[in-house]
Amino acid sequence: MGGMGPSNQDQVAAESQTQAIVALHGRNSGVSVDLTALVAWPLHGPLQMVSNASHTVPTLQRLGLPFSSQLMFLGLWAAEEMSSSLWLTCDSQASLVVDVHDQNQAVSKQLLFSGWHRLPSLLGCYPSSASVSANLHYFEGEFQSTFALGVEEHHFHISIQLVAAKASLANFMELEHSFLQVQLTWNRGQPVTLQLAWADRFSAHSIACDGCLAASPGQLQETLGLDSLWACGAITQTPDVFIE
Numbered sequence: 465m466g467g468m469g470p471s472n473q474d475q476v477a478a479e480s481q482t483q484a485i486v487a488l489h490g491r492n493s494g495v496s497v498d499l500t501a502l503v504a505w506p507l508h509g510p511l512q513m514v515s516n517a518s519h520t521v522p523t524l525q526r527l528g529l530p531f532s533s534q535l536m537f538l539g540l541w542a543a544e545e546m547s548s549s550l551w552l553t554c555d556s557q558a559s560l561v562v563d564v565h566d567q568n569q570a571v572s573k574q575l576l577f578s579g580w581h582r583l584p585s586l587l588g589c590y591p592s593s594a595s596v597s598a599n600l601h602y603f604e605g606e607f608q609s610t611f612a613l614g615v616e617e618h619h620f621h622i623s624i625q626l627v628a629a630k631a632s633l634a635n636f637m638e639l640e641h642s643f644l645q646v647q648l649t650w651n652r653g654q655p656v657t658l659q660l661a662w663a664d665r666f667s668a669h670s671i672a673c674d675g676c677l678a679a680s681p682g683q684l685q686e687t688l689g690l691d692s693l694w695a696c697g698a699i700t701q702t703p704d705v706f707i708e
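Under our numbering, the sequence shown is numbered contiguously, ending at residue 708.
Structure representation (structure tokens):
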């Protein structure tokens, strides 16, 4: 006897799919509204959701609703990885894209988020593109962490590193940004900007810390009477000596 192929019940179990359609058409006015939605989730594949909408109503278009739009979502969830994407297409042109990716392994963790839009109602009020990433890495006696934020052409980056030896522990931190206004500006004046660098080391017999801070006073320049501020310091401590 020949082998038997998979039954319909097996195919339904391997992929769950749902579809809905709504259509409204005016008999004499020529006005129509069409809505469709599809949800599919294969057994070993990503979740897929697609919805389409179209209309011929001028009033809706004047309110900012495009004549045709499509919203698509893809999501994949696994033991060590997760990713999802969202696309919005209006009148055959991509208007909004959002991507999220997460990776979780034994020695590292990573999270990435990025998005951009071309929506006229949001341009001028919100950045057109942004991204965020966070990374953690573990090694033998070493830990590294980084965080990065990007908003259009500006970026903010901070990294921290811990190194442990047999009888000592060292910590390094680096901060960098290209934002002209970082949370310290008001009344549309010149921004106050800060730059910070820090490092410390610990052992069984001593502690050493050093750091530098540079600041541009911005609109506080007239009040402080200074063009810029710059300060560095170091501390070393042993059981017998303390140096500052």
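Note that the Cβ used here is the ideal one computed from N, Cα and C, for glycine as well.
Could you tell me the alpha carbon to alpha carbon distance between residue i and residue j, rounded to whole angstroms?
i	j	result
ALA570	ALA628	19 Å
TRP505	ALA517	22 Å
GLN512	ARG491	34 Å
ILE485	LEU502	9 Å
GLY528	SER496	17 Å
SER692	ALA661	17 Å
VAL514	THR553	11 Å
LEU613	GLU638	14 Å
TRP709	ASP563	Because the chain here runs from 465 to 708, residue 709 falls outside it and cannot be looked at.
ALA487	VAL521	14 Å
GLN483	SER609	44 Å
ASP566	HIS519	37 Å
HIS508	LEU575	23 Å
HIS489	PHE531	15 Å
ASP498	GLN525	15 Å
PHE577	CYS589	20 Å
SER559	SER549	14 Å
SER709	HIS621	In the structure as shown, the chain starts at 465 and stops at 708, and residue 709 therefore has no counterpart that could be examined.
LEU538	GLU545	14 Å
THR700	SER595	39 Å
ARG582	GLN557	9 Å
THR500	ALA543	32 Å
SER471	SER593	Below a pLDDT of 50, predicted positions are generally treated as unreliable, and SER471, at 42, falls in that range; the measurement from the model is reported next regardless. So the alpha carbons of these two residues sit roughly 48 Å apart.
Just list the residues that DSSP pairs residue i with in beta bridges.
i	result
ALA663	PHE636 and ASP674
GLN696	In the sequence on display, residue 696 carries Cys and not Gln. Its beta-bridge partners are CYS676.
ASP563	SER549 and SER578
HIS601	SER572 and GLN608
LEU540	SER547
SER592	Partner(s): none; SER592 has no beta bridge.
ASP451	Since the first residue shown for the chain is 465 and the last is 708, residue 451 is missing from the structure and cannot be characterised.
Give the DSSP-derived three-state secondary structure of residue i in the structure shown.
i	result
PRO703	coil
LEU586	coil
THR482	strand
LEU464	A question about residue 464 goes unanswered here, because the residues of the chain that appear run from 465 up to 708.
ASP691	coil
HIS620	As written in the sequence, residue 620 is Phe, which differs from the His given in the question. In the structure shown, PHE620 sits in a strand (DSSP, three-state: E or B).
LEU710	The displayed coordinates of the chain run from 465 to 708. Any statement about residue 710 would go beyond what the structure contains.
Leaving out five residues on either side along the sequence, give the residues of the same chain with a beta carbon under 6 Å from the beta carbon of residue i.
i	result
LYS573	LEU600
ALA698	ASP674
ASN635	LEU626 and ASP664
GLN695	Reading off the sequence shown, one finds Ala at residue 695, where the question assumed Gln. The residues are LEU677.
SER480	TRP505
MET536	VAL514 and TRP551
SER533	ALA517 and CYS554
ALA672	ARG665 and THR700
TYR602	VAL571
Got a sec? Which residues, its chain only, sit under 7 Å from residue i by beta carbon, not counting five neighbours each side?
i	result
THR702	HIS669 and SER670
SER585	GLY528
TRP650	Residue confidence is low: TRP650 scores 43 on pLDDT, short of 50, so the model does not pin down where it sits. No coordinate-derived value is stated.
ALA640	Rather than Ala, the amino acid found at residue 640 in this sequence is Glu. Answer for GLU640: HIS621, listed in chain order.
So, for residue i: in the same chain, excluding its five sequence neighbours on each side, which residues have a beta-carbon less than 8 Å away from its beta-carbon?
i	result
GLU606	GLN625, LEU626, VAL627 and ALA628
VAL476	With a pLDDT of 42 at VAL476, under the threshold of 50, the predicted position of this residue should be treated as unreliable, though the coordinate-derived value follows. Excluding residues within five positions, none has a Cβ falling inside 8 Å.
PRO591	VAL615 and GLU616
LEU540	GLY509, PRO510, LEU511, MET546, SER547 and SER548
Nearest chain B C-beta to residue i closer than 8 Å, yes or no?
i	result
ALA542	As a matter of chain content, chain B is missing from the structure shown, which is built from one protein chain.
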